[in-house]
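FYI, the numbering for the sequence shown is 133 to 382, going by my numbering. From the three backbone atoms N, C-alpha and C, an ideal C-beta is built for every residue, glycine too. The structure displayed is predicted, hence computed values, not measured ones. The structure appears below as structure tokens.
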Amino acid sequence: MDTLNYFSTRRTIRRYEPSRTVSIELIDKMLEDAARAANTGNMQTYSVIVSTDPEEIARLSPAHFNQPAITGAKAVLTFCIDFNRFNHWCRINSTEPGLNNLQGFTWGVIDTSIFAQQFVTIAEMNGLGTCYLGTTTYNAGQIAETLGLPSDVVPVITVTVGYPAESPELQERLPIGAIVHHSRYVNPSDDELREVYSEKENLESSKQFVKENNKENLAQVFAEVRYPRAANEQFSRVYKEYLKNQGIAL
């Protein structure tokens, strides 16, 4: 592992060596190190469910639309907001917790995300490949049922893990000037925005996306095909209803 250039050359890995397993001992040690990450009030309102058995992973796969990254994974880690443990601790000590609201939920999402990212960095520095699955909040209820999550435990992030069986090209990123603002936010002009997105739009893969989806430009592919409003609102309703059933008032 080239640690000096790790961040500038980091790749998401979706295909894993089928014959190489990832030991529970290694995963536990990496999670122990990852748990040193910063978190709100040192409450650690998160938990992670580690799935390594192929049958367990197979049961989780439909909730993630059977993506190759999960069907071929050697370990699947579901990172969750966990108010259950903290709430129970408070109540056996004669006090009533107050985290089941927007503020507490926001803390939980942030802290769970930091924990997950610290694990991903540690795993990749140990020669493993990882992939975040953005489908976790789509089917949170189904995932919770599969994993036997109690009330007040909410899945927010899934990471698949294995030894890499691919070395994909580096994905493009926006120029750093597009995302860094000094002193105050600077709203870009139309021409500046076109320049910012020009590299992404001119990639052959992007042009292919536009052509395949019969659209005029890449923005339309993102807004109308990949992440359309109707689908976003539908999954928002499903997730919000699940959170409501968990007693979290947003």
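Residue i versus residue j: straight-line alpha-carbon distance, rounded
| i | j | result |
| --- | --- | --- |
| Ala362 | Ala355 | 10 Å |
| Arg147 | Cys222 | 43 Å |
| Asn233 | Tyr371 | 15 Å |
| Glu331 | Thr292 | 29 Å |
| Thr172 | Tyr178 | 11 Å |
| Arg305 | Glu336 | 15 Å |
| Thr135 | Gln378 | 41 Å |
| Phe90 | Asp323 | The structure shown does not extend to residue 90, since the chain is modelled only from 133 through 382, so no value can be given for it. |
| Thr153 | Gly204 | 11 Å |
| Arg142 | Gln235 | 32 Å |
| Ala248 | Thr144 | 14 Å |
| His313 | Thr184 | 42 Å |
| Gly294 | Glu256 | 10 Å |
| Gly273 | Asp284 | 12 Å |
| Pro229 | Gln199 | 38 Å |
| Pro150 | Asn364 | 34 Å |
| Ala190 | Thr227 | 41 Å |
| Glu188 | Gly280 | 12 Å |
| Lys161 | Ser315 | 40 Å |
| Arg369 | Cys263 | 26 Å |
| Val318 | Leu325 | 12 Å |
| Leu258 | Ser155 | It is worth fixing the name first, because residue 258 is Asn in this sequence and not Leu. Cα-Cα distance, rounded: 12 Å. |
Terminal residues of the alpha helix (DSSP H) in which residue i lies
| i | result |
| --- | --- |
| Pro200 | 200 to 203 |
| Ala248 | 234 to 257 |
| Val328 | 322 to 334 |
| Lys376 | 361 to 377 |
| Leu158 | 156 to 166 |
| Glu277 | 272 to 279 |
| Ala310 | 308 to 311 |
CB of residue i within 8 Å of CB of residue j, strictly
| i | j | result |
| --- | --- | --- |
| Ile202 | Leu265 | yes |
| Phe197 | Ile289 | no |
| Phe237 | Ile213 | yes |
| Leu192 | Val180 | no |
| Thr278 | Ala381 | no |
| Thr269 | Phe139 | no |
| Val286 | Leu231 | no |
| Ala169 | Ile242 | no |
| Pro282 | Asn216 | yes |
| Gly240 | Pro296 | no |
| Ile254 | Ala166 | yes |
Residue i - partner residues in DSSP beta bridges
| i | result |
| --- | --- |
| Asp185 | Per DSSP, none; premise fails for Asp185. |
| Asp214 | Val285 |
| Ser179 | Cys212 |
| Pro296 | Tyr148 |
| Ala207 | Val293 |
| Ala381 | Asn233 |
Proximal residues to residue i (C-beta, below 7 Å), its chain only, five neighbours per side dropped
| i | result |
| --- | --- |
| Val342 | Asn349, Leu350, Val353 |
| Val182 | Ile159, Ala207, Leu209 |
| Arg163 | The amino acid occupying residue 163 in the given sequence is Leu; Arg does not appear at that position. Closer than 7 Å at Cβ, skipping near neighbours: Val180, Phe251. |
| Pro307 | Val328 |
| Ser338 | Lys332, Leu350 |
| Met175 | Phe218 |
| Tyr359 | none |
Test: residue i CB closer than 8 Å to a CB of chain B
| i | result |
| --- | --- |
| Val285 | Chain labels in this structure do not include chain B; a single protein chain is all it has. |
Same chain only: Cβ atoms within 8 Å of residue i, ignoring 5 sequence neighbours per side
| i | result |
| --- | --- |
| Pro320 | Ala310, Val328 |
| Gln303 | Arg143, Thr144 |
Limits of the beta strand (DSSP E) - the one that residue i falls within
| i | result |
| --- | --- |
| Tyr264 | 261 to 265 |
Residues near residue i by beta carbon distance below 6 Å, same chain, minus five either side
| i | result |
| --- | --- |
| Lys347 | Val353 |
| Glu298 | Arg147 |
| Val357 | Asn345 |
The ligand ATP heavy atom lying under 7 Å from the CB of residue i
| i | result |
| --- | --- |
| Ala207 | This structure lacks the ligand ATP, and indeed carries no ligand of any kind. |
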